[in-house]
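Heads up: the sequence shown is residues 510 to 601, going by the working numbering. One structure below.
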Amino acid sequence: MFCFSKTNPIVTDMFTADPGALVYNDTVYIYTGHDEAAEGKDEYVMKNWHIFYSGDMDTWIHQGEALSINSFKWMTWHAWASHVVTRNGKYY
Numbered sequence: 510m511f512c513f514s515k516t517n518p519i520v521t522d523m524f525t526a527d528p529g530a531l532v533y534n535d536t537v538y539i540y541t542g543h544d545e546a547a548e549g550k551d552e553y554v555m556k557n558w559h560i561f562y563s564g565d566m567d568t569w570i571h572q573g574e575a576l577s578i579n580s581f582k583w584m585t586w587h588a589w590a591s592h593v594v595t596r597n598g599k600y601y
């Protein structure tokens, strides 16, 4: 999916996992979990999701944190695989 990018991996300043992609108006958006586990640890610490986007599949912009596990009353553990869908003009 990302084979057209000149930079591989796309994200180099943080650990990410389980990306979900969405294309809208010639822009690709990547929604991904953020792994904050300490280096060398055999575990995942995933407390939030981030958004990256590109209009040319070469230059990627980090839009920042989109949501955290604190956004949900029922969530107490990891921010696993993300994805976004559109319905009636809104994105969920």
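All C-beta atoms, glycine included, are put in the ideal place defined by N, C-alpha and C. For clarity, every value in this text was computed on a predicted model and none was experimentally measured.
Open item on the list: Less than 8 angstroms between the C-beta atoms of residue 546 and residue 553, yes or no?
Closed with: As a working note, residue 546 is residue 37 in the sequence shown. As a working note, residue 553 is residue 44 in the sequence shown. In contact: residue 546 and residue 553 (Cβ atoms closer than 8 angstroms).
TODO: Note down, one range per segment and in chain order, each beta strand (DSSP E) of at least 3 residues found wholly within the region 560–586.
DONE: 570–577
Task: Test item: CB-CB of residue 543 and residue 521 under 8 angstroms - done: Reading the sequence shown from its first residue, position 34 is the one you call residue 543. Reading the sequence shown from its first residue, position 12 is the one you call residue 521. Cβ distance not < 8 angstroms, so residue 543 and residue 521 don't count as in contact.
TODO: With DSSP as the reference, label residue 532 as helix, strand or coil.
DONE: Residue 532 sits at position 23 when you count from the first residue of the sequence shown. Here residue 532 sits in strand by DSSP.
Open item on the list: Which residue wins for smallest C-alpha separation from residue 594, given the options 538, 527, 523 and 519?
Closed with: By 1-based counting over the sequence shown, the position of residue 594 is 85. Checking every option, the nearest Cα to that of residue 594 belongs to 538.
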